[in-house]
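Below you'll find the structure, written out as structure tokens, and then a few comments.
Residue numbers (UniProt numbering): 1 to 363.
In structure tokens form, the structure reads like this:
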């Protein structure tokens with residue numbers, strides 16, 4: 001089987017991606033590193049595996065986060081939990097996001113992660129934003145917004161065991177119209193957090209409505225540490241606007257990455273006044289096939305490719321038909337053959353003209 005790096009070296013140029021991933025954790029303060037690498041891939045449950053992170057880094061992400069990792073899972077020795085933490089050989093470094101509510105378990109988890117990952121650990125982030133009821137009812141995630149003293153203890157517990165920065169991710173507040181983010185962020189800074197990421201919704205909103213960026217600016221005004229903006233960044237244009245028109249030091253992109261690994265480099269291009277890459281259909285299909293081949297080589301369940309096909313096939317001719325065919329794919333080769341079939345079919349439809357551009361943000 002091909003190595004992960006061989007796949008990247010072979011496929012990335014065809015996909016309009018980079019075959020060289022630039023490390024994030026190389027000296028300098030976190031503020032300086034965020035200034036150099038301000039476009040980050042957010043932690044996403046069920047999505048942010050090592051291959052997804054690798055694709056994001058190849059697309060220009062300054063840093064990519066693990067899925068939410070339970071400190072209780074580490075405490076009880078679950079190997080499934082460690083699978084969420086371990087970086088692939090293709091990843092020069094990784095941010096690990098932890099969730100829980102017990103300081104002793106955070107202390108233990110931070111120590112074990114630091115020992116196990118070594119210099120591949122860029123930072124530890126503590127989730128204080130998750131609105132999912134089964135998390136909140138345990139006093140974890142966004143429930144911590146109601147208990148700033150406990151939240152501060154979690155930051156201190158991690159800092160006692162690691163040399164890397166410890167950051168937090170928060171929301172506007174726990175309940176609608178009860179904004180606590182600015183004062184909460186100040187408390188986290190006082191506890192030793194090196195940065196705070198803020199999603200501009202209340203926890204009770206889940207992902208309904210629109211993220212409110214005035215809150216993000218209020219958090220920027222409240223603290224001296226870097227602020228990372230999050231929420232409704234679904235395009236490179238939205239990310240670039242946040243970086244240039246608000247006070248954030250960096251942006252964290254989640255859903256905007258679906259089928260669009262170019263969003264990171266395109267954001268940077270727009271910030272620098274350059275033209276973004278508009279990927280061709282051939283580049284989109286090359287990226288999809290690269291992702292599938294990496295999943296196969298990394299022994300990550302190929303069923304994840306079905307979600308990928310839903311995302312990558314947006315905006316192509318007869319997208320619904322091709323997504324329907326992807327449901328019947330079982331192996332990595334099935335998905336690759338499907339992509340090649342799409343390529344040939346569209347080529348015939350276009351009368352052998354140059355492959356058309358497509359918009360990866362289309363639904």
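Ideal Cβ placement from N, Cα and C applies to all residues, glycine included.
For residue j and residue i, the rounded distance between their alpha carbons
i: residue 60; j: residue 262; result: 7 Å
i: residue 337; j: residue 66; result: 30 Å
i: residue 343; j: residue 17; result: 19 Å
i: residue 315; j: residue 285; result: 12 Å
i: residue 100; j: residue 22; result: 31 Å
i: residue 369; j: residue 349; result: The question about residue 369 has no answer here: the residues shown for the chain are numbered 1 through 363.
i: residue 302; j: residue 330; result: 8 Å
i: residue 248; j: residue 216; result: 8 Å
i: residue 313; j: residue 280; result: 12 Å
i: residue 197; j: residue 230; result: 7 Å
i: residue 306; j: residue 11; result: 20 Å
i: residue 73; j: residue 233; result: 31 Å
i: residue 135; j: residue 128; result: 10 Å
i: residue 183; j: residue 311; result: 38 Å
i: residue 174; j: residue 52; result: 30 Å
i: residue 160; j: residue 154; result: 10 Å
i: residue 102; j: residue 116; result: 21 Å
i: residue 318; j: residue 88; result: 35 Å
i: residue 30; j: residue 327; result: 43 Å
Burial state of residue i (16 or more Cβ within 10 Å)
i: residue 133; result: exposed
i: residue 291; result: buried
i: residue 245; result: exposed
i: residue 95; result: buried
i: residue 104; result: exposed
i: residue 228; result: buried
i: residue 20; result: exposed
i: residue 36; result: exposed
i: residue 200; result: buried
i: residue 4; result: buried
i: residue 362; result: In this prediction, residue 362 has a pLDDT of 47, which is less than 50 and means its spatial position is unreliable; what the coordinates show is noted afterwards. It is exposed - the Cβ of residue 362 has fewer than 16 other Cβ atoms within 10 Å.
i: residue 258; result: buried
i: residue 6; result: exposed
i: residue 48; result: buried
i: residue 221; result: exposed
i: residue 346; result: buried
i: residue 168; result: buried
Selected residue, minimal CA-CA separation from residue i, among the options
i: residue 28; options: 194, 205, 339 and 201; result: 194
i: residue 304; options: 332, 191 and 136; result: 332
i: residue 80; options: 325, 89, 90 and 68; result: 68
i: residue 90; options: 160, 297, 313 and 308; result: 297
i: residue 15; options: 222, 147 and 282; result: 282
i: residue 270; options: 85, 243 and 43; result: 243
i: residue 150; options: 172, 165, 179 and 187; result: 187
i: residue 42; options: 107, 116 and 125; result: 125
i: residue 287; options: 56, 170 and 177; result: 56
Contacting residues, own chain, Cβ-Cβ under 6 Å from residue i (five flanking each side not counted)
i: residue 131; result: 142, 203 and 206
i: residue 355; result: Reliability of the predicted coordinates at residue 355 is poor, the pLDDT of 49 falling under 50, and the value obtained from them is presented with this limitation in mind. Cβ neighbours of residue 355 beyond the five flanking positions: 280, 281 and 282.
i: residue 252; result: 40, 42, 197, 228 and 230
Same chain, Cβ closer than 7 Å to residue i, five either side skipped, listed in chain order
i: residue 268; result: 39 and 60
i: residue 210; result: 232
Same chain, Cβ closer than 8 Å to residue i, five either side skipped, listed in chain order
i: residue 152; result: 187, 188, 190 and 191
Runs of 3 residues minimum, wholly inside the region 317–342: which ones carry the beta strand (DSSP E) assignment?
none
Which complete beta strand (DSSP E) runs does the region 215–259 hold, if anything under 3 residues is left out?
227–230 and 250–253
Complete alpha helix (DSSP H) runs within the region 291–315 (minimum length 4 residues, chain order):
304–312
Can you give, in chain order, each stretch of the beta strand (DSSP E) that sits fully within the region 53–114 and has at least 3 residues?
63–70 and 94–99
Length at least 3, wholly inside the region 112–192: the beta strand (DSSP E) runs in chain order
121–128 and 166–171
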